[in-house]
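So the protein sequences, as listed, match chains A and B. When the letters of the first sequence are read in order and numbered with my numbering, they come out as residues 159 to 633. When the letters of the second sequence are read in order and numbered with my numbering, they come out as residues 262 to 683. For reference, the structure discussed in these notes is given below.
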Amino acid sequence: MFDIIIIGAGAIGSFLARTLSQYESNVLVLEKENDVGNVTSMANSAIVHSGYDPVPGTKKARFNVEGNRMFPEICEELDVSFRQIGSLTVAIEEKQLSVLKELAERGKKNGVPTKMLTAEEVLAMEPNITKDVKGALLCPTAGIVNPFTLTAHAMENAIDNGVKLHLGEAVKAIKKINGGFQVDTDVATYEAKVVINAAGLYSEEIAKMVEPISWKINPRKGEYYVLDHFRPGFVNHVLFPLPSEKGKGILVTSTTSDNYLVGPSSEFVDEKDDFSTDPLTLKDVRAQASLMVPNIPFPEQIRVFSGLRATPSTHDFIIEPAKKNPNFINVAGIESPGLVSSPAIAKYVVEELVSAVFPLKKKANWNPSVRKYIKPSEMKDEEREAFVKAHPEYGEMVCNCEQVSVGEIKDVLSRSLPCLTIKAVKKRTRAGFGKCQGGFCQPKVLMLLAEHYGISPLEILYDKEGSNILLKESK
Amino acid sequence: MVIEKDLVIIGGGSAGLAAANAAYDSGVKSILIVEKGPFLGGILNQCIHNGFGLHEFKEELTGTEFFTRLTVESEKRGIEYRLNSFVTKIGEDKSVYYTNKEEGYVRVKAKAIIMSAGCYERNAGAIGIPGDRPAGVITAGQAQLYMNEYGYLVGKKVFILGSGDIGLIMARRMSLEGAKVLGVAEIMPYSNGLNRNIVQCLEDYGIPLYLHHTVSHVWGKSHLEKIEISEVNDALQPIKGTEQVFECDTLLLSIGLIPYNNLLNQLGLPTSRSRGAWVNEHMETKMDGVFSCGNVLHVHDLADNVVAEAKVAGKAAALYLQNKLPRHEELILVEPGDGVGYTVPCEIDLENAEEKIPVKFRVRKPTKECYITYTFNGEVIKKIYKQTIIPSEMEIDPIPKDLFKGEKSGKLVVSLTPKEVK
Ligand SMILES: Cc1cc2nc3c(=O)[nH]c(=O)nc-3n(C[C@H](O)[C@H](O)[C@H](O)COP(=O)(O)OP(=O)(O)OC[C@H]3O[C@@H](n4cnc5c(N)ncnc54)[C@H](O)[C@@H]3O)c2cc1C
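Below, the structure is given as structure tokens:
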């Protein structure tokens, strides 16, 4: 019997696993996808929000602000790109200035430092913003993060500290048994004393397997444009319009890989696996973004994508034990600002909720760090020269656009966290994320995967089961 | 490691090889070609079909044969090259940094640089195809690479978006490999491929070509399951009610090529509307001693034209190294006018120019019975009648220097004008 089973390996499940790995416990993570962080945690704005925006007193406000404070150290430990570039919430009409004041007040209540800027100050910081700008609210603690490695490295660190991860296993049923639960997946049956439901969009379905619930999770889609790294400094902060009941609005930001992100839209959809994009929605995203930044070079577009928010009917994060089952803990409805909140949520769940039902004892030898990821493209010339000389595979380039070498790919393939698909390689290393979208590097990545796992190239998957790239040997 | 070279050529495809040979013949002996691939020849390695060399070698060759000739020429001259070597950046001081397995990370202090790194394919991300993003939506060149270099087929039931030549050639190749090619959709009302390819690759195999159609939706949670095509209106938007659905496992994209000009973009050098660098008549960019030619400058439909352009760049690099290519303040700007997409060059330094200046461009749409009009400072200096002119074929007009009548600055506009009907 496991001590604890975590269902779902998104940001929440991964940080739960990492936090639990600090304690003497026997933890299993079950994830239906072929990779960690393969659903909402990979398709979002990746903003480490400051926390000025959530209603004071809510869980969203609390965990956002706490999470934000934890980010610098965690990203250092986990070797994740994080840049505290600050955000600007931009007023483009005179009457919006009073709203900014209210937001600043709210920030104060949430414990978030803010500063009101005049139009001139904004334009000096952000020359590409509309000349109609009337002022903005600066939140210096906001930042951007690499969402792909955030989740992956948190899980890797958990595995290095003893957590077990089973990918490609969907939980189908949960039964109460003596001293805990029996968890059935489509592959096997497990038992655990405590179960934590971190199943994102499907946390409602999972929760219902144990007892009736009063809340619902409704998928709300956000569609985006990704632009190439055409020019550093096109925008320097995360730029938000004023928030509305639909959320934080269409933002324009750079990413930690110096791309630019424009989005998201906000629309409820029927299906929890509908990640399609729609030209009309995107056109609207573009129009709205252009009100704030008029000259966005959309010909630099390299991709469009969408993510689904797990929007709870309760309007706040649901982080509590099931009503009749204190050793079944729901961590549900974690929509934005869920990514930034994830380390704080994990800490709370473990220290307050798990500890109430399972005795927690700190390990003596917990290691908070992952093995350093080496990226020659980020090194200084002399350093790179010496390193590549000593490690020749780092001189063999695979991905032209993002400069990823064979050495980096073999590195991620050799870690404790499984890296099974072309997409997993892409999320770990960025190979295929550039303007040619894998046109040059995908065959090389595919062959490296086949070689590493000793299987036929025909068996290599892009992502999910059935997503093979090669269908047949040629004549 | 730091080494020194007079001329570094980035990319050993047809442009790089031809430029190297020309520079050598013009007196430059210290040359290094840096090529990222495992052999010279670049994209031509994928072109095992024929249709090359008619201009350059006066006989019809396959792509592979064509570059073999260029390689033999450069080997005769003993031109140095590195394979599997990737250029990571160009410094402001014209240092070229490359990395490979054997040497590690190398800085080459260059006196002149020719950029000839080729192009990449427009892909699904760039056009944001509506619907899902499953496996099985792949560029034609990538499918070609999997087939020719690795020996695998990406699909058994294939639809093709875009009638570019690579797509058409792949339609035939996949059919020969036993795949079923269901059709080709082209958003424009005309094909972008060479006529010969339409006949030999589609008509001969009974593959329908849907002109003025695009893919309006893609379905597939993991692998491609089906696509929908629709007719488009003049604004190229899908027309409701014209949808047709095809079940297929592969959507090949042959929707255009884009200069892969990152390294020069990173230097902040200005670009033209071709998305390649801004160059003058000697293919020199806005940075002294840095030249560009081939598909990284603008996409060519004939390798022969690439070679011709690369020779200009190679000779110019030699002149530059011999201090015989001064910059002058007075320049003639070349601008695309009505109906013209871009021009190469973007400016002419008349004092340096040869007697005839080749001006290259593409028209925006197929036009019958029209003139290409060259207007210099408001005055028409040349008019060429064209029975038909199409975007898929690059135009080259040699403009005699004396037409500028010694005027060294101003604006030359290239436009398409309809034939006047009296
Ligand atoms: C458009 C958009 C923009 C956002 N922007 C931001 C932002 O800028 N900043 C921010 O902080 N937050 C943002 N968020 C929110 C953030 O992305 C989420 O809060 C966070 O990723 C949620 O993580 P999670 O682990 O709860 O969910 P998920 O990442 O969805 O993880 C849940 C996991 O559970 C697995 N699972 C589900 N069912 C089962 C089963 N039966 N068996 C096994 N496994 C199962 C899933 O496969 C999945 O891997 C945004 C979200 C969206 C959609």
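Where is the CB? At the ideal position from N, CA and C, for every residue including glycine. Please read these numbers as outputs of a predicted model, since none were measured by experiment.
1. What's the gap between the Cα of Asp569(A) and the Cα of Tyr531(A)?
2. Tell me whether Lys630(A) sits in a helix, a strand or coil according to DSSP, three-state version.
3. When the Cα of Ser179(A) is compared with those of Tyr383(A), Lys322(A), Ser361(A), which residue comes out closest?
4. Do you know offhand how far Tyr635(B)'s Cα is from Gly671(B)'s?
5. Cβ closer than 7 angstroms: which chain A residues qualify as neighbours of Glu438(B)?
6. I'd like the span of the beta strand (DSSP E) that includes Glu508(B), first residue to last.
7. Please check if any C-beta of chain B sits within less than 9 angstroms of the C-beta of Asp431(A).
8. Determine whether the beta carbon atoms of Cys380(B) and Ile519(B) lie at a separation below 9 angstroms.
9. For the structure I just gave you, are there three or more beta carbon pairs, one from the segment 364 to 376 of chain B and one from the segment 567 to 581 of chain A, closer than 8 angstroms?
10. Taking the alpha carbon of Val556(A) as the point to measure from, which residue in Ile317(A), Ser203(A), Glu566(A) has its own alpha carbon closest?
11. Within the 9 angstroms Cβ cut-off, does Thr587(A) reach chain B?
12. In or out: Phe328(B) buried (at least 16 other Cβ within 10 Å) or exposed?
13. By the three-class DSSP mapping on this structure, what secondary structure does Gly264(A) have?
14. If you follow the beta strand (DSSP E) that Asn384(B) is part of, which residue opens it and which one closes it?
15. Per DSSP, Phe637(B) is paired with what?
16. Could you give the DSSP three-state label for Met555(A): helix, strand or coil?
17. Answer with buried or exposed for Gln403(B), where buried requires no fewer than 16 other C-beta atoms within 10 angstroms of its C-beta.
18. Can you tell me where the beta strand (DSSP E) holding Ala371(B) begins and where it ends?
19. Taking Cβ to Cβ, would you say Met159(A) is nearer than 9 angstroms to Glu327(A)?
20. Would you please verify whether the beta carbon of Gly596(A) is less than 9 angstroms from any beta carbon of chain B?
21. When the Cβ atoms of the segment 338 to 357 of chain A are set against those of the segment 161 to 169 of chain A, are three or more pairs found closer than 8 angstroms?
22. Just to confirm, are Glu438(B) and Gly423(B) a CB contact at a threshold of 9 angstroms?
23. Within 10 angstroms of the Cβ of Tyr714(B), are there 16 or more other Cβ atoms? Answer buried if so, exposed if not.
24. What is the DSSP secondary structure of Pro634(A), reduced to helix, strand or coil?
25. According to the Cβ coordinates, are Ala502(A) and Glu224(A) closer than 9 angstroms?
26. Pro395(B) and Leu491(B) - do their beta-carbons sit closer together than 9 angstroms?
27. Taking any Cβ of chain B, which residues in the segment 501 to 513 of chain A have a Cβ under 9 angstroms from it, in chain order?
28. Mind checking the segment 468 to 496 of chain B against chain A and listing, in chain order, the residues whose C-beta falls within less than 7 angstroms of any C-beta there?
29. Per DSSP, Val134(A) forms a beta bridge with which residues?
30. Using alpha carbons as the reference points, say which of Phe426(A), Thr414(A), Leu409(A) lies closest to Val420(A).
31. Residues in the segment 467 to 497 of chain A with C-beta within 7 angstroms of chain B's C-beta atoms, listed in sequence order?
32. Output the residue ranges of the alpha helix (DSSP H) runs that lie fully inside the segment 526 to 595 of chain B and measure 4 residues or longer, sorted by chain position.
33. Comparing C-alpha positions only, which one of Ser424(A), Lys505(A), Gln446(A) sits nearest to Gly465(A)?
34. Taking 8 angstroms as the cut-off, is the CB of Tyr348(A) close to at least one heavy atom of ligand 1?
35. Using 8 angstroms as the cut-off, classify the Cβ of Lys330(A) as near or not near the heavy atoms of ligand 1, replying yes or no.
36. Does the beta carbon of Gly301(A) fall short of 8 angstroms from some heavy atom of ligand 1?
Once the coordinates are examined:
1. 8 angstroms
2. strand
3. Lys322(A)
4. 13 angstroms
5. Ser632, Lys633
6. 505 to 508
7. yes
8. yes
9. no
10. Glu566(A)
11. no
12. buried
13. Before going further, note that residue 264(A) is Arg rather than Gly in the sequence given. It is helical.
14. Counting along the chain, Asn384(B) falls outside any beta strand (DSSP E), and DSSP gives it neither H nor E.
15. Glu640(B), Leu673(B)
16. strand
17. buried
18. 365 to 376
19. no
20. yes
21. yes
22. no
23. There is simply no residue 714(B) to check, as chain B begins at 262 and stops at 683 in what is shown.
24. Nothing can be reported for residue 634(A), as the shown portion of chain A is limited to 159 through 633.
25. yes
26. Checking the displayed sequence, the identity of residue 491(B) turns out to be Ser instead of Leu. No.
27. none
28. Lys482, Ser483, His484
29. Because chain A spans 159 through 633 in this model, residue 134(A) falls outside it and cannot be assessed.
30. Leu409(A)
31. none
32. 564 to 582
33. Ser424(A)
34. no
35. yes
36. no
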